[in-house]
Every structure is written in C-alpha cells, then in structure tokens.
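Throughout, our numbering is defined as the position within the sequence shown, counted from one, plus 1.
Backbone N, C-alpha and C fix where the C-beta goes; we use that ideal spot for every residue, glycine too.
These numbers were taken from a predicted model, which means no experiment stands behind them.
In what follows, a single structure is set out as structure tokens and then discussed.
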Amino acid sequence: MAKARGTTILRAFFPLEGVLSRSAAVVGFAIFTALCAKARISLPFTPVPITMQTFAVLSAGLLLGRTLGSASMALYLMLGVAGLPLFSLGGGLSYLAGPTGGYLIGFLLAAYLIGYLTERGWDRSYRRCLAAMLAGELAIYLPGLLWLSRFTPPDALFKMGLWPFIPGDLIKIGLISICLPSGWRLREYLMGRGDRS
C-alpha cells in the first residue's frame, strides 16, 4: 500500500474537516501547551524552568501539521502576551521580553518546521522522525539561547539554557520517534485488513 503524504497520523485517523474541528484542534493544543507549562521544575541557577512544553510543541507539529500546529502556538503566545497566565511563570508582554522569551518564539518556529517535515513523510520512518524532532528542538534552542544571552554571561549560557534540559528532551524525542512510525505501521496494517475483508 502506498503511503499517503501530506497528512499527519492524527489527521489520517481523524480527518479535521471544517472550520469547527480545525479551530477546536488549534484551541485544544494551545490549552494543552498551557497545561504543560505548569508542569515545571524550577532550577536555582537558571531562570529557565524545566517543563513539558516542548512535548506539546513537538506534538502540535506532528499531529496537526505546519498550518494548524503553528496556529496553535501562535494562539498560545497571543493569549499569554495578552495577559493570561499561560506561560510557565505568568503572562504578559513583559514575560515575553524576559529571559525565556526566545524559547517561546522558538515554539512557533518548531511547530511549523516539524509540521512541514511531517507533511513530507518524515514521521513514517524512525530515523527521519528522530531527525525531525532534533530539528524542532534546534528551532527552539537557537532563538532561546540567543535571547537568553542578553541576560546571562557567555560562560554560563549553556549551563543555564541548554545542558539541564537535554536528558528530558532526549527521552521525549526518543519516545515520539518510536511511537509515530509505529502508528503509521498500525494504520497500514488496519487498512490492509480492511482491503482484504
């Protein structure tokens, strides 16, 4: 069976047709990201907390695709900037201008990039899915570290903004890189059984 490109595993099982279902998906992932922001561990040596937000960001791109995935992150950012306490430690424009603002902007970039790669079939194989996840993480860390460098001395930048988060991120992207291709194989199996029945 040929593998359908241009879609995501979620939309392969549950097509998001119509404005209402797509809007619900965007709002749902914005809320999910906000909830993941509150699952945090604060570290005494850095203003950047450990959270589950990156899991939500990666999932948005993987499951919704580039347009809806990035739209969900844009909605999350807009609501947070508007003053709703959706970010890890609050909300408002001043929060976005603070030390973690670059990571938040990176969420938007990562969701779009991962969605773009997903729609081109990168989530169908284990290696390519892992590469897509690493690219998404890079899209978060690059603006995050660049912005954080305004608030920290150069010799402490990686200690405060990168190294503490690598173990958790590797676990997340490892699990995702196993689950997504396996999900596509399950779908092919189910579709194959349907064709034979």
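Item                                                                                                    : Value
Contacting residues, own chain, Cβ-Cβ under 7 angstroms from Ala3 (five flanking each side not counted) : Interpretation of Ala3 is limited by its pLDDT of 39, a score under 50 that renders its predicted location unreliable; the figure taken from the coordinates is listed afterwards. So the list is empty, once near-sequence residues are dropped.
Nearest to Pro48 (by Cα), restricted to the options Met79, Leu78, Arg151 and Cys37                      : Arg151
Short Cβ contact (8 angstroms threshold) for Ile141 with Thr55                                          : yes
Contact set for Arg41: own chain, Cβ-Cβ below 6 angstroms, skip 5 residues either direction             : Pro50, Thr52 and Ser89
Cα-Cα separation, Gly66 to Gly102                                                                       : 24 angstroms
Cα-Cα separation between Gly81 and Gly92, rounded to whole angstroms                                    : 5 angstroms
Helix, strand or coil at Phe88 according to DSSP, with G and I counted as helix                         : strand
Bridge-paired residues (DSSP) for Arg41                                                                 : Thr52
heavy atom of the ligand FAD below 7 angstroms from Arg23 C-beta                                        : The ligand content of the structure shown is nil, which means the ligand FAD is not present either.
When Tyr96, Gly193, Ile179 and Pro45 are compared against Lys160, the one with the closest alpha-carbon : Pro45
Pick from Cys130, Leu109 and Gly107 that is closest to Leu118, judged by C-alpha positions              : Cys130
Cα-Cα separation, Val27 to Tyr104                                                                       : 20 angstroms
Whether Thr34 touches Met74 by CB criterion (8 angstroms)                                               : yes
Beta-carbon spacing of Leu158, Leu143 below 8 angstroms                                                 : no
Residue span of the alpha helix (DSSP H) that contains Trp148, given as start and end                   : Tyr127 to Leu149
Under the three-state DSSP convention, the category Lys4 falls into                                     : The pLDDT assigned to Lys4 is 45, lower than 50, so where the model puts this residue is not dependable, and the model offers no usable value.
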